[in-house]
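Reading through the structure tokens given below for one structure.
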Amino acid sequence: MRVTAGDVALYFDVEGCALVPGGDTMVERPTVVLLHGGPGADHSLFKPELAGLADTAQLVYLDQRGSGRSDAGEPSSWTWGRWADDVADLCAALGIARPVLAGTSSGGMVAMVCAARHPGLVAGLVLDSTLGVPTDLAETLDVFERRGGPAAREAARRQLSGDTAPEVAEAWARLCLPLYGGSDMPQRRARARINNDVQEHFRAGGCGPSDAAAFLPAITCPALILAGEHDPVSPAAAARRLAAALPQATLEVFPGVGHGTFRQAPGPALTAVRQFLARLAQ
33 MRVTAGDVAL YFDVEGCALV PGGDTMVERP TVVLLHGGPG ADHSLFKPEL
83 AGLADTAQLV YLDQRGSGRS DAGEPSSWTW GRWADDVADL CAALGIARPV
133 LAGTSSGGMV AMVCAARHPG LVAGLVLDST LGVPTDLAET LDVFERRGGP
183 AAREAARRQL SGDTAPEVAE AWARLCLPLY GGSDMPQRRA RARINNDVQE
233 HFRAGGCGPS DAAAFLPAIT CPALILAGEH DPVSPAAAAR RLAAALPQAT
283 LEVFPGVGHG TFRQAPGPAL TAVRQFLARL AQ
């Protein structure tokens with residue numbers, strides 16, 4: 033399904049009911065809008081694991097502009113602010129009031145920007161392996177080397193430094209992606225519609241600053257932060273700093289997990305989300 037948001041049509045998919053029978057009444061469930069990472073990947077990275085949450089909430093999977101099955105729009109619009117405003121436009125078009133925004137990696141950054149720019153809209157945030165907290169490159173490279181040796185460290189150094197040579201992309205996919213994204217990341221990436229132009233735009237700084245510190249005080253809703261203890265891209269130490277900066281944050285760190293807790297620890301991650309949603313409903 034597609035909906036117009038400003039100058040583009042955005043693709044979205046829905047799983048689960050917003051209203052379910054409960055005795056002699058209909059019970060309203062929360063709506064969770066899912067924001068993928070990349071930037072430039074698509075919502076398929078949430079499937080099939082997030083389907084397990086449909087027993088608790090209505091799920092709205094969104095392909096952000098420039099990504100997946102949504103319109104590309106102008107490259108100048110591939111920014112945190114425009115993506116965040118697109119989420120607000122989507123909710124307005126679909127009549128979604130007070131959604132919970134769940135973002136993985138760069139999707140977490142989009143969720144935080146949306147909560148800061150549209151505080152009356154967002155009921156809560158679920159931030160999985162989120163960007164937004166500056167990390168030291170050496171810390172990231174140390175994790176890659178610890179898990180994959182010197183070759184993985186060098187491949188990560190070149191990729192994360194903006195080297196776009198084909199051999200760098202090949203080494204990153206072969207040596208690094210399995211270390212932080214799980215052994216099935218190559219298969220997931222193969223079935224996803226990934227816009228490499230968006231990723232290059234991000235690496236060049238075109239999306240805007242990736243430091244959320246300036247707008248964190250504007251985020252007033254509760255937040256659940258999920259992190260993998262062995263995530264080299266969004267380290268657990270960064271998640272702890274983010275939790276300390278948000279006044280209503282709860283942090284869950286999963287041992288033995290890399291980047292993307294929904295993918296690598298779906299059982300405990302979804303349990304934490306269900307508990308968070310229950311607290312919001314109180």
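Here the sequence shown is numbered in our numbering, starting from 33 and rising by one per residue. We put the beta carbon where it would ideally sit given N, CA and C, even for glycine. In this text, all values refer to a predicted model and were calculated from it rather than measured experimentally.
Beta-bridge pairing of residue i - partner residues as DSSP gives them
i, result
"V35", "L42"
"E60", "L51"
"Q90", "T63"
Residue span of the alpha helix (DSSP H) that contains residue i, given as start and end
i, result
"L169", "L169 to L192"
"P131", "Note, P131: premise wrong, no alpha helix (DSSP H); not H, not E."
"G260", "Looking at the DSSP string, G260 is not in any alpha helix (DSSP H); the run it does join, the beta strand (DSSP E), is A255 to G260."
"G299", "P298 to A313"
"W110", "Neither: W110 is in no alpha helix (DSSP H) and is coded neither H nor E."
"N228", "N228 to R235"
"R223", "M217 to R223"
"L207", "Unbroken run through L207: none, as it is neither H nor E."
Cβ distance (whole Å) where residue i is taken to contact residue j below 8 Å
i, j, result
"G98", "V230", "5 Å"
"G113", "D74", "No, G113 and D74 are not in contact; Cβ-Cβ is about 21 Å, not under 8 Å."
"A148", "I251", "5 Å"
"C208", "A187", "5 Å"
For residue i, the first and last residue of its enclosing beta strand (DSSP E)
i, result
"T282", "A281 to F286"
"L82", "Taken as a continuous stretch (DSSP letters only), L82 belongs to no beta strand (DSSP E), as it is neither H nor E."
"T63", "T63 to L67"
"G140", "Unbroken run through G140 is the alpha helix (DSSP H), S138 to R149; no beta strand (DSSP E)."
"V158", "G156 to D160"
Check: residue i C-beta below 8 Å from any heavy atom of the ligand MG
i, result
"A148", "Because no ligand of any kind appears in the structure shown, any question about the ligand MG cannot be addressed here."
Cβ neighbour criterion (16 or more within 10 Å) applied to residue i
i, result
"S161", "buried"
"R178", "exposed"
"T111", "buried"
"R34", "exposed"
"T293", "buried"
"S138", "buried"
"D216", "exposed"
"T63", "buried"
"L51", "exposed"
"C105", "In the sequence under discussion, the amino acid at residue 105 is Gly, which differs from the Cys named in the question. So G105 ends up on the buried side."
"D87", "exposed"
"R185", "buried"
"S76", "buried"
"D243", "exposed"
Same chain, Cβ closer than 8 Å to residue i, neighbours up to 5 away in sequence not counted
i, result
"C123", "V65, A129, P131 and L153"
Spatial neighbours of residue i in its chain, beta-carbon cut-off 6 Å, leaving aside the 5 residues before and after
i, result
"V265", "Y212 and H291"
"P287", "E261"
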